[in-house]
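Trainee: First, the structure itself, so that you have it in front of you.
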Amino acid sequence: MGELRMTGERPPWEGLDGTDRHEVCLIAARSGDRRALDVLLPDLTPLVWHVARGHGLDRSTAEDVVQTVWLALLRNLGRITQPRALAGWLVVATRREAQRTWTPSRRESSLSDEMAEQQESNIGLPEDAALVDDRDQRLWRAFGKLSQRCQELLRLTVLAGRAEYRAVAEALSMPRGSIGPTRGRCLGTLRAHLEAEGGSR
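Residue numbers (the numbering used here): 11 to 211.
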């Protein structure tokens, strides 16, 4: 009866977002509310995924790392002392697992795979394919020339979609107010590299 009553209640995370949402979901998950995990997984998997990819892992290895990190979270639900910092905990766990499995030879294949993934979501008319392919190849070559710090920041604030600045700041150990300006500088550097590659068109 207790479980039925719990699942029929309005979820405590309804209307919340960002770290507030993650905190409430983690606390609910500790209490056995499985719906909370159904919220956390889609919210934070893009973040975990891009951290793994940012460490040079190919698609298959990154998928294994993502799964390992979520299993680690399930095992440690009761040990996370700061539920609001869940995104940071996941990033640290992903970094450690990615570093454990990383080899230098995977770096270039990771960028190529990531470029292909972005293209898959932007497939247009056949006559546009060649132009898109050329543009994306130049973009990813330029991205690969950025510092590791810039690549990680852009992955977390642009590619990961839902990641918010507060969570990114915690994950990268940066002041929240510096995320926007640093992101702007990184995008400027990316733009310069892209122009050196032959422009954005």
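For every residue, glycine included, the Cβ atom is placed at its ideal position computed from N, Cα and C.
No experiment lies behind these values; they were computed from the predicted model shown.
Does the beta-carbon of residue 132 have 16 or more other beta-carbons within 10 angstroms, so that it is buried, or is it exposed?
Mentor: Numbered from 1 along the sequence shown, position 122 holds the residue referred to as residue 132. Any answer about residue 132 is weak, because its pLDDT of 46 lies below 50 and its placement is not dependable; what the coordinates show is given next. Label assigned to residue 132: exposed.
Trainee: Please state if the CB of residue 201 and the CB of residue 163 are separated by a distance shorter than 8 angstroms.
Mentor: Counting from one through the sequence shown, the residue named residue 163 turns up at place 153. Counting from one through the sequence shown, the residue named residue 201 turns up at place 191. The answer is no: Cβ separation not under 8 angstroms.
Trainee: CB-CB under 7 angstroms to residue 199, same chain, minus the five flanking residues each way: which ones, in chain order?
Mentor: What you label residue 199 is simply residue 189 of the sequence shown in a count that begins at 1. Taken in chain order, the residues that qualify are 156 and 160.
Trainee: In three-state terms, what does DSSP make of residue 92?
Mentor: Here residue 92 refers to the residue found at position 82 of the sequence shown. Judged by DSSP in its simplified three-state form, residue 92 adopts coil rather than helix or strand.
Trainee: Tell me the DSSP secondary structure of residue 56 in three-state form.
Mentor: If you number the sequence shown from 1, residue 56 lands on position 46. It is helical.
Trainee: Along the chain, where does the alpha helix (DSSP H) containing residue 201 start, and where does it finish?
Mentor: Mapped onto the sequence shown, residue 201 falls at position 191. Per DSSP, residue 201 belongs to the alpha helix (DSSP H) from 186-206.
Trainee: What residue from 109, 94, 38 and 74 has the CA that sits closest to residue 10's CA?
Mentor: Here the chain covers residues 11 to 211 and nothing more, so residue 10 does not appear.
Trainee: Do residue 65 and residue 105 have their CB atoms nearer than 8 angstroms?
Mentor: Taking the first residue of the sequence shown as position 1, residue 65 is located at position 55. Taking the first residue of the sequence shown as position 1, residue 105 is located at position 95. With a cutoff of 8 angstroms on beta-carbon distance, residue 65 and residue 105 are scored as near each other.
Trainee: Can you say whether residue 148 is buried or exposed, counting buried as having 16 or more other CB atoms within 10 angstroms of its CB?
Mentor: Within the sequence shown, numbered from 1, the residue matching residue 148 stands at position 138. Around the beta carbon of residue 148, a 10 Å sphere encloses 16 or more other beta carbons of the protein chains shown; the residue is thus reported as buried.
Trainee: What residues in its chain sit with their C-beta under 8 angstroms from that of residue 76, if we drop five residues either side in the sequence?
Mentor: Mapped onto the sequence shown, residue 76 falls at position 66. So the qualifying residues of the chain are 55, 58, 59, 62 and 104.
Trainee: With a 10 Å radius around its C-beta and 16 neighbouring C-beta atoms as the bar for buried, classify residue 168 as buried or exposed.
Mentor: Translated into the one-based positions of the sequence shown, residue 168 becomes position 158. Counting Cβ neighbours within 10 Å, residue 168 comes out exposed, since fewer than 16 surround it.
Trainee: How would you label residue 180, buried or exposed, when you count the other beta carbons within 10 angstroms and need 16 or more for buried?
Mentor: Along the sequence shown, read from residue 1 onward, the residue named residue 180 stands at position 170. Residue 180 comes out buried.
Trainee: In this structure, how does DSSP classify residue 19 when only helix, strand and coil are distinguished?
Mentor: Along the sequence shown, read from residue 1 onward, the residue named residue 19 stands at position 9. Look at residue 19 here: in three-state DSSP terms it is coil, with no helix or strand label.
Trainee: Are the CB atoms of residue 47 and residue 34 within a distance shorter than 8 angstroms?
Mentor: Position 24 of the sequence shown, counting from 1, holds the residue named residue 34. Position 37 of the sequence shown, counting from 1, holds the residue named residue 47. In this structure, residue 47 does not lie closer than 8 angstroms to residue 34 by Cβ.
Trainee: Roughly how many whole angstroms lie between the Cα atoms of residue 84 and residue 39?
Mentor: Mapped onto the sequence shown, residue 84 falls at position 74. Mapped onto the sequence shown, residue 39 falls at position 29. If I take the Cα positions, the gap works out to 9 angstroms.
Trainee: Under 8 angstroms by Cβ, that's how I've got residue 97 and residue 177 pegged, so tell me the actual separation to the nearest angstrom.
Mentor: Counted from its first residue, the sequence shown places residue 97 at position 87. Counted from its first residue, the sequence shown places residue 177 at position 167. Between residue 177 and residue 97 the Cβ distance is about 4 angstroms, and since that is below 8 angstroms, they are a contact.
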